[in-house]
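Engineer: Okay, here's the structure, questions in a sec.
4 protein chains.
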Amino acid sequence: MAVQAIVWGENVHDRENELVRSIYPDGMHGCIAEALNESPDISATTATLEQDEHGLPADRLARTDVLLWWGHKAHGDVDDGIVERVVERVWEGMGLLVLHSGHFSKVFKRLMGSSCALTWREAGERERLWAINPAHPIAAGVGPYFELEQSEMYGEPFGVPEPLETVFVSWYEGGEVFRSGLTFQRGGGRIFYFSPGHEVYPVYHDATVRTILRNAVMWAAKPGIRWENVADAPNRPVGEALEPLEEKGPRLHEDGEAGYR
Amino acid sequence: MAVQAIVWGENVHDRENELVRSIYPDGMHGCIAEALNESPDISATTATLEQDEHGLPADRLARTDVLLWWGHKAHGDVDDGIVERVVERVWEGMGLLVLHSGHFSKVFKRLMGSSCALTWREAGERERLWAINPAHPIAAGVGPYFELEQSEMYGEPFGVPEPLETVFVSWYEGGEVFRSGLTFQRGGGRIFYFSPGHEVYPVYHDATVRTILRNAVMWAAKPGIRWENVADAPNRPVGEALEPLEEKGPRLHEDGEAGYR
Amino acid sequence: MAVQAIVWGENVHDRENELVRSIYPDGMHGCIAEALNESPDISATTATLEQDEHGLPADRLARTDVLLWWGHKAHGDVDDGIVERVVERVWEGMGLLVLHSGHFSKVFKRLMGSSCALTWREAGERERLWAINPAHPIAAGVGPYFELEQSEMYGEPFGVPEPLETVFVSWYEGGEVFRSGLTFQRGGGRIFYFSPGHEVYPVYHDATVRTILRNAVMWAAKPGIRWENVADAPNRPVGEALEPLEEKGPRLHEDGEAGYR
Amino acid sequence: MAVQAIVWGENVHDRENELVRSIYPDGMHGCIAEALNESPDISATTATLEQDEHGLPADRLARTDVLLWWGHKAHGDVDDGIVERVVERVWEGMGLLVLHSGHFSKVFKRLMGSSCALTWREAGERERLWAINPAHPIAAGVGPYFELEQSEMYGEPFGVPEPLETVFVSWYEGGEVFRSGLTFQRGGGRIFYFSPGHEVYPVYHDATVRTILRNAVMWAAKPGIRWENVADAPNRPVGEALEPLEEKGPRLHEDGEAGYR
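Protein chains in written order, with numbering that gives the first Met the number 0: chain P, 0 to 260; chain F, 0 to 260; chain V, 0 to 260; chain U, 0 to 260.
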């Protein structure tokens with residue numbers, strides 16, 4: 000069965016800004032989903048902020064292998080309960096791709112535990128992304144580097160924890176660098192942050208960007224794998240110990256009592 | 000100047016539970032601070048939940064190199080604003096030692112971005128902590144392993160991100176294992192999680208545990224280093240680019256406008 | 000096409016030791032290859048020390064997605080040239096599974112750059128392997144833990160670099176712990192070290208061990224991905240710079256000269 | 000007591016190349032040692048290739064907290080026995096700073112287990128080093144970035160394992176990027192690779208570079224800590240097990256026999 004992906008789009012500038020609308024008539028999420036569906040191994044649909052439960056009801060998320068997240072202007076409008084739902088699904092094993100301005104989304108900040116801050120400049124300058132590990136599955140087919148003629152500059156320091164892997168590092172015309180492709184792990188979930196994607200440039204029409212997104216979805220997907228009850232903290236009673244065990248000394252908790260959270 | 004440390008204690012069982020009070024007449028925080036102050040390089044004070052601002056006003060935190068956190072029953076009573084204050088200080092460079100049941104504290108969960116869950120058993124069983132890297136500064140003087148005759152079992156899976164370093168792994172009489180000493184980095188801050196410390200056993204009177212706490216405070220301290228404005232996301236205007244840069248193409252933001260968060 | 004795997008076996012005790020021969024009539028490599036071939040996604044063959052080029056000619060390695068390595072008594076007999084050939088193939092992207100006493104193989108030591116030492120005891124004691132990340136693809140289907148009734152104890156400290164991921168940690172009856180499943184990356188290659196596998200116990204007949212080996216082969220495989228010329232250090236002449244560049248200042252090297260190695 | 004550092008220099012171009020001699024009349028090693036000795040906390044001496052045992056007799060290394068390594072033209076002339084001696088001292092806990100073309104030194108390649116390859120261009124172009132973690136002790140006092148007006152370009156992909164921490168990333172005038180400051184751990188030893196330092200530019204006279212070298216020496220030093228017998232693989236006899244243990248099943252080794260290596 001194909002990997003089940005949802006492209007979540009904020010869908011604000013996509014509707015309200017004439018320029019963005021002209022570049023992405025089906026919304027950025029629509030364009031990205033189309034890119035994913037070019038692979039026979041991926042089945043991608045979309046979800047947006049204005050939908051009921053932001054288009055992410057629990058049962059839909061439960062069937063999803065990889066979620067992609069693009070948000071910018073309306074981070075604050077995302078419901079905290081939905082954020083927690085997404086976060087728990089990541090812990091369970093759902094893959095997550097966070098795109099561009101999604102670095103400041105509630106979901107990403109919640110999973111990183113860090114500032115997620117960076118510096119930025121909107122000048123339509125050239126960005127050149129270098130493959131740090133050209134044999135990483137996410138970089139397959141990219142070559143040593145690729146260029147975006149117009150890009151928003153995102154500059155270091157990028158306030159994220161040390162990543163598991165650095166896949167891309169960007170060079171900018173204006174003199175900055177940025178770790179533009181990074182992998183993380185939270186619970187059972189694989190996370191990929193990918194920085195290109197400013198809405199006033201046609202980044203998601205770029206063939207290499209589309210290849211990377213497809214690669215990353217396949218890399219992040221773990222169909223059939225689920226860390227059940229990932230947030231539980233079960234008591235293991237003495238009587239059920241795996242090795243012979245005699246209780247010694249004092250106790251704080253009664254039998255069967257839950258721990259404090 | 001000595002490293003400035005604060006030992007934060009929840010101070011609930013320390014006062015309300017007769018057994019805990021008998022083991023720790025000055026509170027667990029008092030006992031830990033005493034252990035730290037045995038080093039001429041550390042100056043440790045205490046703070047507790049019931050104090051104003053939980054004893055952690057901003058100016059006091061600003062002067063603190065390392066914070067130690069022990070909480071259990073009253074995690075939910077810690078004010079969210081104070082949590083954010085502590086978290087930002089960690090990002091700025093303050094060291095953080097999270098002890099035992101502090102794995103479920105708001106501060107730790109906020110910084111990890113993961114479930115922080117584990118399995119547990121309160122049977123007074125033997126725990127043997129093995130030094131994974133005997134030459135890590137935190138393990139200095141510990142030897143290949145040490146034992147706690149009575150300990151609460153904390154078992155894997157421990158819901159934390161892949162650590163920077165695994166310093167200790169524990170063996171339990173009842174058959175479980177646990178990564179009992181782990182390091183992490185968030186922003187400028189070094190974090191050490193250390194699992195021993197159940198309140199009904201005299202763990203913080205153990206000489207090796209006290210050595211490890213002193214070692215860890217020195218490892219986590221970065222006196223004089225501060226990542227200023229760590230959560231800012233400054234715009235770098237075209238006119239101030241480090242390399243000659245001409246603005247190209249369309250823009251979303253006006254000059255001087257802040258980014259979306 | 001199925002993932003192409005080679006199970007490399009030293010094949011010394013397999014032939015010379017009556018007990019080992021009785022447990023593994025087709026050799027340990029034969030037993031492991033059989034386990035892998037139970038998956039329709041894997042096509043596994045074997046290679047052994049006594050074969051020409053140890054069964055690992057360059058063209059065969061070039062077609063191989065994942066190599067498994069079991070050696071013990073005859074580490075020193077492995078040709079250094081073949082070791083370098085294997086190592087370069089790993090850098091290029093071939094997966095590598097190092098099994099049990101292979102921790103002291105030339106190939107593993109060469110790739111780790113560390114001592115690869117550990118403590119050990121041959122007492123037929125119980126080993127319990129805990130899944131640290133139950134949703135890691137290598138741990139799929141294993142459950143929270145599994146047991147080997149008879150195992151050789153391998154104890155910490157294990158002299159390897161901090162791993163990318165800790166997948167399993169073992170508990171031993173005699174009181175030790177061991178990081179029994181670890182992942183690493185070297186160049187384009189994914190590496191998994193898995194400690195069970197002493198030749199006088201029927202470890203590779205264990206159903207869970209066989210599941211893990213199949214999982215790990217699939218995890219390590221990158222069919223179709225190759226980091227070409229992985230060890231080259233090409234000069235990028237000024238005239239071919241990606242940005243306009245004027246040569247400034249003195250030089251050590253003439254045009255077209257190779258760098259020093 | 001001050002941290003004991005040795006600056007190892009190949010001392011070939013330093014003597015034979017007129018330009019290098021004019022920039023570094025006391026050799027590059029002499030200039031670097033001078034930079035270190037500007038700190039009251041460091042006591043730095045030098046050692047060079049042409050000295051007996053390359054200036055690195057075992058007893059001298061045993062007293063050394065941090066070794067710095069600069070080599071280029073004569074990597075192949077370094078004695079393999081001395082390389083192993085240095086490597087074992089790193090495993091024991093000695094810090095190691097590898098500078099510039101030292102990426103291809105035997106010592107660094109031996110410790111990394113990877114190709115250590117990169118791309119390069121000698122054009123005297125501008126390099127701008129960005130601090131990825133401005134609060135890392137190695138980056139203290141550096142600010143968000145610093146520039147070298149003339150530098151040799153070192154470009155990605157850099158064939159090293161995923162680092163523990165990325166401290167600096169470089170931007171180059173010609174369009175490349177490079178992870179110019181990386182930390183690693185091998186056994187007890189902390190390793191820092193720092194890429195600037197081409198011999199025909201006055202890089203080690205740069206005030207910021209000198210600050211970074213001093214910072215890195217202090218970060219890598221672990222005075223008083225030694226992982227004894229780091230490469231031993233001791234047998235733990237059944238009779239000395241930490242938990243009651245009865246021998247079960249067959250054995251390969253006789254009592255007191257050493258393991259195979």
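The beta-carbon is built from N, C-alpha and C at its ideal position, and this holds for glycine as well.
Can you give, in chain order, each stretch of the beta strand (DSSP E) that sits fully within the segment 93-140 of chain P and has at least 3 residues?
Structural biologist: Counting only runs of 3 or more, we get 94-98, 118-130.
Engineer: Under 8 Å, Cβ to Cβ, is there at least one residue of chain U near F:R84?
Structural biologist: As a position in the second sequence, residue 84 of chain F is number 85, starting the count at 1. With 8 Å as the cut-off, F:R84 does not count as an interface residue toward chain U.
Engineer: List the residues that DSSP assigns as beta-bridge partners of P:L66.
Structural biologist: By 1-based counting over the first sequence, the position of residue 66 of chain P is 67. P:I5, P:L95.
Engineer: Quick one: is F:N132 near chain U, going by C-beta distance under 8 Å?
Structural biologist: Residue numbering aside, residue 132 of chain F sits at position 133 when the second sequence is read from its first letter. Chain U, which has a Cβ nearer than 8 Å to the Cβ of F:N132, makes this yes.
Engineer: Given a limit of 9 Å on CB to CB distance, which residues of the segment 233-258 of chain F reach chain U?
Structural biologist: Listed by position, the residues of the segment 233-258 of chain F near chain U (Cβ gap below 9 Å) are L241, E242.
Engineer: Under a Cβ-count criterion, where at least 16 other Cβ atoms within 10 Å of its own Cβ denotes burial, should V:M0 be classed as buried or exposed?
Structural biologist: As a first step, residue 0 of chain V must be located in the third sequence, where it is residue number 1. Exposed, because fewer than 16 other Cβ atoms sit within 10 Å of the Cβ of V:M0.
Engineer: Based on the DSSP secondary-structure assignment, which residues constitute the bridge partners of U:E164?
Structural biologist: If you number the fourth sequence from 1, residue 164 of chain U lands on position 165. Answer is U:T182, bridged to U:E164.
Engineer: Does F:E164 come within less than 8 Å of chain V when only Cβ atoms are used?
Structural biologist: For this step, residue 164 of chain F is matched to residue 165 along the second sequence. Answer yes: the Cβ-Cβ gap between F:E164 and chain V drops below 8 Å somewhere.
Engineer: For F:N228, is the classification buried or exposed, using 16 other Cβ atoms within 10 angstroms of its Cβ as the cut-off for buried?
Structural biologist: Position 229 of the second sequence holds residue 228 of chain F. With fewer than 16 Cβ atoms within 10 Å of its Cβ, F:N228 is classed as exposed.
Engineer: Can you pull the chain F residues whose beta carbon is under 7 Å from the beta carbon of V:R127, in chain order?
Structural biologist: As a working mapping, residue 127 of chain V is identified with position 128 in the third sequence. Chain F residues near V:R127: G174.
Engineer: Please work out which residues of its chain come closer than 8 Å, Cβ to Cβ, to V:I137, disregarding the five sequence neighbours upstream and downstream, and give them in chain order.
Structural biologist: Looking up residue 137 of chain V in the third sequence gives position 138. Counting only Cβ-Cβ distances below 8 Å, and skipping sequence neighbours, we find V166, G180, T182, F191, I211, N214, A215, W218.
Engineer: Quick one, are the C-beta atoms of P:A220 and P:V86 less than 8 Å apart?
Structural biologist: For the purposes of this step, residue 220 of chain P is identified with residue 221 of the first sequence, where counting begins at 1. For the purposes of this step, residue 86 of chain P is identified with residue 87 of the first sequence, where counting begins at 1. Result no, Cβ atoms of P:A220 and P:V86 do not sit closer than 8 Å.
Engineer: Starting from P:G29 and walking both ways along the alpha helix (DSSP H), at which residues does that stretch end?
Structural biologist: Taking the first sequence and counting its residues from 1, one reaches residue 29 of chain P at position 30. Note, P:G29: alpha helix (DSSP H), 26-36.
Engineer: Provide the residue span of the alpha helix (DSSP H) that contains P:I211, from first to last.
Structural biologist: Taking the first residue of the first sequence as 1, we reach residue 211 of chain P at position 212. Residues 206-219.
Engineer: Which of the three DSSP states is assigned to P:S42 in this structure?
Structural biologist: Walking along the first sequence from the start, residue 42 of chain P turns up at place 43. Correct three-state label for P:S42: strand.
Engineer: Where does P:S150 fall in DSSP's three states?
Structural biologist: Taking the first residue of the first sequence as position 1, residue 150 of chain P is located at position 151. Three-state result, P:S150: strand.
Engineer: Put P:G238 into one of helix, strand or coil per three-state DSSP.
Structural biologist: Residue mapping note: residue 238 of chain P aligns to position 239 of the first sequence, counting from 1. It is helical.
Engineer: Give me the subset of the segment 66-91 of chain F whose CB atoms are less than 8 Å from a CB atom of chain U, sorted by chain position.
Structural biologist: Result list: E91.
Engineer: Can you find the residues in the same chain that come closer than 7 Å, C-beta to C-beta, to V:R109, ignoring five residues on each side of it along the sequence?
Structural biologist: For the purposes of this step, residue 109 of chain V is taken as the residue at position 110 of the third sequence. If we look at V:R109 and ignore the five residues flanking it on each side, its Cβ neighbours are V82, V86.
Engineer: Within 10 angstroms of its Cβ, does P:Q184 collect 16 or more other Cβ (buried), or is it exposed?
Structural biologist: The residue labelled residue 184 of chain P in the question sits at position 185 within the first sequence. Buried.
Engineer: For V:F103, go through chain U and note every residue whose CB falls closer than 8 Å to its CB, in chain order.
Structural biologist: For the purposes of this step, residue 103 of chain V is taken as residue 104 along the third sequence, with counting starting at 1. The contacting residues are A232, G258, Y259, R260.
Engineer: Which residues share a DSSP beta bridge with P:W226?
Structural biologist: In the first sequence, counting from the first residue as 1, residue 226 of chain P sits at position 227. Answer is none; P:W226 lacks a bridge partner.
Engineer: Consider the C-beta atom of F:L251 and the heavy atoms of the ligand NAP; say whether any pair is separated by less than 7 Å.
Structural biologist: With respect to small molecules bound, the structure shown includes none, and the ligand NAP cannot be examined in it.
Engineer: Cβ of F:T182 less than 8 Å from any chain P Cβ?
Structural biologist: Numbered from its first residue, the second sequence carries residue 182 of chain F at position 183. For F:T182, the answer is no, since every Cβ of chain P falls outside 8 Å of its Cβ.
Engineer: If we cut at 8 Å on Cβ distances, does F:A111 have a partner in chain P?
Structural biologist: Against the second sequence, residue 111 of chain F aligns to sequence position 112. The sequence as given places Met at residue 111 of chain F; Ala does not occur at that position. It does; some Cβ of chain P falls within 8 Å.
Engineer: Can you give the Cα-Cα distance for U:E175 and U:E124, rounded to whole angstroms?
Structural biologist: In the fourth sequence, counting from the first residue as 1, residue 175 of chain U sits at position 176. In the fourth sequence, counting from the first residue as 1, residue 124 of chain U sits at position 125. Looking at the two C-alpha atoms, the distance is approximately 11 Å.
Engineer: Taking Cβ positions, are U:E172 and V:E126 nearer each other than 8 Å?
Structural biologist: The residue you call residue 172 of chain U lines up with position 173 of the fourth sequence. The residue you call residue 126 of chain V lines up with position 127 of the third sequence. Not closer than 8 Å, so no.
Engineer: Any beta-carbon of chain P closer than 8 Å to the one on U:V216?
Structural biologist: Position 217 of the fourth sequence, counting from 1, holds the residue named residue 216 of chain U. So, not an interface residue.
Engineer: Using C-beta distances below 8 Å, list every residue in its chain close to P:W69, excluding the 5 sequence neighbours before and after it, in chain order.
Structural biologist: Stepping through the first sequence from its first residue, residue 69 of chain P is reached at position 70. So the list reads V6, W7, G8, E9, M27, H28, I31, L98, H99, S100, G101, G196, once near-sequence residues are dropped.
Engineer: From which residue to which residue does the beta strand (DSSP E) around P:R250 run?
Structural biologist: Counted from its first residue, the first sequence places residue 250 of chain P at position 251. Premise fails: P:R250 is in no beta strand (DSSP E) and is neither H nor E.
Engineer: Taking the C-alpha atoms as reference points, what is the distance between V:A73 and V:G238?
Structural biologist: Taking the first residue of the third sequence as 1, we reach residue 73 of chain V at position 74. Taking the first residue of the third sequence as 1, we reach residue 238 of chain V at position 239. Distance between the alpha carbons of V:A73 and V:G238 is about 52 Å.
Engineer: Among residues of its own chain, excluding the 5 on either side of U:S169, which ones have a beta-carbon nearer than 6 Å to its beta-carbon?
Structural biologist: Walking along the fourth sequence from the start, residue 169 of chain U turns up at place 170. Only E126, L128, F177, S179 meet the Cβ criterion.
Engineer: Could you tell me the distance, in whole angstroms, from the CA atom of U:L48 to the CA atom of U:L147?
Structural biologist: Counted from its first residue, the fourth sequence places residue 48 of chain U at position 49. Counted from its first residue, the fourth sequence places residue 147 of chain U at position 148. So the two alpha carbons sit approximately 28 Å from each other.
Engineer: Kindly say whether V:A139, judged by its beta-carbon, lies nearer than 8 Å to any beta-carbon of chain P.
Structural biologist: Taking the third sequence and counting its residues from 1, one reaches residue 139 of chain V at position 140. Taking Cβ atoms only, chain P reaches closer than 8 Å to V:A139, which makes this a yes.
Engineer: Identify whether U:S169 lies in helix, strand or coil by the three-state DSSP scheme.
Structural biologist: Walking along the fourth sequence from the start, residue 169 of chain U turns up at place 170. DSSP places U:S169 in strand when its eight states are reduced to three.
Engineer: Taking the continuous alpha helix (DSSP H) assigned at U:R14, which residues delimit it?
Structural biologist: Within the fourth sequence, the letter at position 15 stands for residue 14 of chain U. Segment 12-15, the alpha helix (DSSP H) holding U:R14.
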